[in-house]
Amino acid sequence: MRRFVSMSVCLVLMLAAGCGSEQEKNSKSAAADASAQDILADSSAADTSAQCPGAPGCPCGSDAPCDADSQCLERAEGSRCALACESEACPSGLNCAEISQGGESLKVCIDRSARLCSPCRSNQDCVHPGAPDGRCLDLGPAGTVCGSSCASDDDCPSGYGCSEATDLEGKSAKQCQAIAADGGAAACTCTANAVSLALEGTCTATLGDESKPLSCLGTSQCKEAGKAAACVSAGPTDESCDGVDNDCDGQTDEQSCDDSNPCTTDSCDAAKGCQFAPNTDPCDADGSVCTVKDTCDSGACKAGSALDCDDGNPCTTDSCDAAQGCQHPSVTNETECAADGSKYCLVGKCINKLKCPADCKSPGSIIATKQEDKLVAADGAEYDAAGLAVSIFGDLAAVGANGDGGGSVTIYARQQDGSWASTTKVVGSDTAGADSFGCSVVINGDRLVVGACGDDDKGASSGSVYIFKRQGKGSWTQVAKLVAADGEVSGRFGKAVDLSGDRLLVGAYGASPKAKSSGAAYIFEAQSITKWKQMDKLVPADGKAYDNFGKAVSLSGNRVVVGAAGVDDKGDGSGAAYVFERQPTGTWSEVGKLIPASNAAGDSFGASVAIDGDRLIAGAESADTKAQYAGAAFIYERQSDGKWTEASKLVASDGVKASACGTSVALSGNRALVGCDNDATFGAVYLYSRQKDGLWAEGTKITTADGAKSDYFGVSVSMSANRILVGAFGDDDKGTSSGSAYVFDLGQYSCTNPGSCTCKAGFSGPDCSIKAP
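Per our numbering, the sequence shown starts with residue 280, numbered consecutively.
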């Protein structure tokens, strides 16, 4: 076995002692001892032809050049042959510790901080004989570097302090960390050993210019001793699910997992990657509303059962349209519907055969409408304001009550005996406070759209819209919530809504794209049952402050009309209506601005609007006609050149002061409804029919037997085939302004006295026998 270096030093001293006096011997011995210590503590001193290679403190790349009883161990200044030791007899900065060599234990001086500040990716990168418990620390933007275990500052090199730190595995321990002169954190600088190891860590590199800096994940590596590790990044890449901010936007794993499958719940696990867990949510297996209860199973959408479209009416043909749902077109008039031949069908109703005077033809004669039912919520309460918004489609009716807490909508269904029953009450998944859920509503097939114009997702009263889908008889499920991409405070998005197939129109009269409350409207289209995409934002070219464009909207195929009752072209608040059409490119263009010839200041033309194909109607609720503020409505028709012309002005024959006719309007084919919510203080609705000459004639005036002051009957109207739904939000049946709605039937026809026949739309002549071509 080779001799320890301490023995070699003794031999040198003994040989030198025979060459001089005792005093000289003692002097030379002391000098040799000092020289040996210098060699042990200073690698440059050890690197001499007399001691290196092999002696303790000599540079090494492996155990081979070191003495047999030594090992090549890492130090901060680089790998060195180890010095044997007993207890703590080691140079400054080194500690005496026991290591294993060839199955035998050996005590040598080790450097616990040999890998201090070396870049690392795991704790294992920081393990060496001097630090079997090495830990990799995350210093944030400075990167991941090796620490060094310590009990106090005395265990750390100069410039480092001992404090608690957490490693990459989340374990906490005391570690040596760089400190500045003021006691704060300092940059961790590379040692010669770290440069030699060339380990890599992670770091944050700042890229881009000063105005738009990007903080990107990079790779750190020590290149030069005494300096911080170099950080290199390839720059931003597409975001992926790996726990890393790949696109350098300050967010991690956002929107990186979407398999476009509604039957999986998508999530990101930084360790495992994207996870797509099967769910049991409602889904749409075939894109048709004619199947219900489609449900996700094992990650796939399984078709449910066929929609039951049997309405139990012998005077309708029942079918299902994939987009619109159940359809119940009327059979041919005068088709017998009773086995004994006593009844026949008229406009979808099975009635007793009419016995009319010979000079009045029954199919063309119409009597006053029949009230089928009054709709009052069982849990109604004061100030619910049920009926402020209403919508009817076939045998379904929706009544909005935006004052019911955060708001609600009650769905009613027509029963076989002609009565209407409440089937469900819907609220938004997050409805609360002053959201005003139910301030607008439209029902079409198996879809229900509800406006919540007081919602605050984009700021106070920015507004939102909820989409519900009918899952079965009486069951409705929320499938989407929409907000404007550029929603704003007081935008009132959702104050008006309309739906046609997969296309949705939403008004936001408080939006300010041109000026304060100039207003806007938004077009959305369904991409699937649960996903809707904003396709366009409609803004009039000449919008001005407080035009309130979007307070009333209506949609028919590729055309929309939007009311702007605050327009001042003919004086303050004279009003206007704008028509937009969809272009082949998918964008929408303004094609007309409508202002009646008689328009004047304060008319509020455009307070209500409705469009059906080539015809539209707009209300002017404050126009001075029969009396001050009696109101009116105007019919416009589209000409072959695409221009819209005023066709008729509808004024109630018995209008009185402040009737407010035109507060609401509805249009279906040759029929129009005009709501006058303050007529004789409790309200009325007028039915108009288009005559063969193109003019519109006033027909029935619809009122209620139980009407009372301030009911505001007529504040909202909706029409579907031969049924009319009218809102009366001020009704007091369940308390002050609890509200209600009324359903009327236009399907009961009979003859009147000779010469006084009232003709159904499409018929004319003294006896209603002339049918329009």
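Glycine included, C-beta positions come from ideal geometry on N, C-alpha and C. Remember, predicted model here, so these are calculated numbers, not experimental data.
N- and C-terminal bounds of the beta strand (DSSP E) containing residue i
i: N540; result: Run containing N540: none; DSSP gives neither H nor E here.
i: A617; result: Run containing A617: none; DSSP gives neither H nor E here.
i: V387; result: 383-389
i: R771; result: Careful: R771 lies outside any beta strand (DSSP E) and carries neither H nor E.
i: G604; result: 604-606
i: A1021; result: Before going further, note that residue 1021 is Tyr rather than Ala in the sequence given. Start and end: 1019-1024.
i: V728; result: 726-731
i: G871; result: 867-873
i: S598; result: 598-600
i: L373; result: No beta strand (DSSP E) contains L373, which DSSP labels as neither H nor E.
i: C718; result: 716-723
i: P515; result: From DSSP, P515 is part of no beta strand (DSSP E); its letter is neither H nor E.
i: V953; result: 950-955
i: A713; result: It is not in any beta strand (DSSP E) - A713 carries neither H nor E in the DSSP assignment.
i: P335; result: Careful: P335 lies outside any beta strand (DSSP E) and carries neither H nor E.
i: A759; result: 754-761
i: T924; result: 923-929
i: L783; result: 782-787
i: L966; result: 963-969
i: C588; result: Where C588 is concerned, there is no enclosing beta strand (DSSP E), given that its DSSP letter is neither H nor E.
i: Q813; result: 811-817
CB contact flag (residue i, residue j, <7 Å)
i: C547; j: D526; result: no
i: F961; j: Q650; result: no
i: S1017; j: G1006; result: no
i: V688; j: G679; result: yes
i: C396; j: C469; result: yes
i: G798; j: A790; result: yes
i: G773; j: G730; result: yes
i: P398; j: G480; result: yes
i: A889; j: L966; result: no
i: T703; j: I690; result: yes
i: S943; j: S887; result: yes
i: C388; j: L373; result: yes
i: I981; j: V953; result: no
i: T648; j: L1025; result: yes
Nearest neighbour of residue i, chosen from the options [CA to CA]
i: A466; options: Y439, Q757, Q534; result: Y439
i: S494; options: V888, A513, Y825, P819; result: A513
i: K551; options: D528, D521, S539, G578; result: D521
i: D417; options: L385, R354, K450; result: K450
i: S670; options: R861, K491, G993; result: G993
i: V841; options: D847, D851, A855; result: A855
i: R749; options: V758, P420, K812; result: V758
i: S442; options: S490, A464, Q530, Y691; result: A464
i: D736; options: G753, V762, C536; result: V762
i: D1011; options: T498, K653, S621, G382; result: K653
i: S1060; options: N878, D573, Y857; result: Missing from the structure shown is residue 1060; the chain here goes from 280 to 1052 and no further.
i: Y623; options: C605, P593, G604; result: P593
i: L675; options: G686, Q694, S901; result: Q694
i: T866; options: L817, Q603, S796, S835; result: L817
i: T756; options: V705, K795, C375; result: V705
i: Y915; options: K905, T904, S708, K928; result: K928
i: N957; options: S901, E661, N837, G852; result: S901
i: Y788; options: P332, Y825, D821, K810; result: Y825
i: I808; options: K760, R771, V846; result: K760
Beta-carbon separation (whole angstroms), residue i vs residue j, contact threshold 8 Å
i: A393; j: H407; result: 6 Å
i: L784; j: A800; result: 6 Å
i: S912; j: G934; result: For the sequence presented, residue 912 should be read as Ala rather than Ser. That pair is no contact at about 11 Å.
i: G786; j: K830; result: 6 Å
i: C542; j: G591; result: Actually they do not touch by this definition, with Cβ atoms about 35 Å apart.
i: V776; j: S741; result: About 15 Å separates the two Cβ atoms, so there is no contact after all.
i: L496; j: D517; result: Not confirmed; about 13 Å, so no contact.
Extent of the continuous alpha helix (DSSP H) to which residue i belongs
i: V706; result: Looking at the DSSP string, V706 is not in any alpha helix (DSSP H), and its letter there is neither H nor E.
i: S796; result: First-last for S796: undefined, no H or E at that position.
i: L478; result: Per DSSP, L478 belongs to no alpha helix (DSSP H) and is neither H nor E.
Original post:
Would you say the segment 560-577 touches the segment 647-666, given that touching needs at least three Cβ pairs under 8 Å?
Top reply: no
Original post:
Would the segment 611-618 and the segment 988-1003 be scored as touching if the rule is three or more Cβ pairs under 8 Å?
Top reply: no
Original post:
Would you call the segment 397-416 and the segment 463-477 touching, i.e. three or more CB-CB distances under 8 Å?
Top reply: yes
**OP:** Give a yes or no on contact between the segment 353-371 and the segment 337-344, applying the rule of three or more CB pairs nearer than 8 Å.
**Re:** yes
Subject >> At least 3 beta-carbon pairs within less than 8 Å: the segment 900-916 vs the segment 936-956 >> reply: yes
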